[in-house]
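Student:
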Amino acid sequence: MQYLEEHNCGFDMKVAHVPIVCGASLFDLTVGDPKIRPDKAT
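Numbering (my numbering), first residue to last: 97 to 138.
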């Protein structure tokens, strides 16, 4: 995830790039801060 973010990989949602990875479907960018990312511990 960190690599994808650093290389702007993913679907451009205007406020952030949403990484396209298997098993991930997270589209709540209108709620909260789009710059918050899970860390490696979570």
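The beta carbon of each residue, even a glycine, is placed where N, CA and C say it ideally should be.
Nearest-angstrom Cα distance between Met40 and Lys136?
Tutor: Missing from the structure shown is residue 40; the chain here goes from 97 to 138 and no further.
Student: When you compare only the Cα positions, how much space is there between Thr126 and Phe107?
Tutor: Working through the sequence shown from its first residue, we reach residue 126 at position 30. Working through the sequence shown from its first residue, we reach residue 107 at position 11. Answer to the nearest angstrom: the Cα atoms are 15 Å apart.
Student: Rounded to whole angstroms, how far is the Cβ of Pro130 from the Cβ of Val111, which I believe are closer than 8 Å?
Tutor: The count along the sequence shown starts at 1 and reaches residue 130 at position 34. The count along the sequence shown starts at 1 and reaches residue 111 at position 15. Yes, they are in contact, since the Cβ atoms of Pro130 and Val111 sit about 4 Å apart, within 8 Å.
Student: Pop quiz: Glu101 and Pro115 are said to be a contact at Cβ under 8 Å. What is the actual Cβ separation, rounded to whole angstroms?
Tutor: As a position in the sequence shown, residue 101 is number 5, starting the count at 1. As a position in the sequence shown, residue 115 is number 19, starting the count at 1. Yes, they are in contact, since the Cβ atoms of Glu101 and Pro115 sit about 7 Å apart, within 8 Å.
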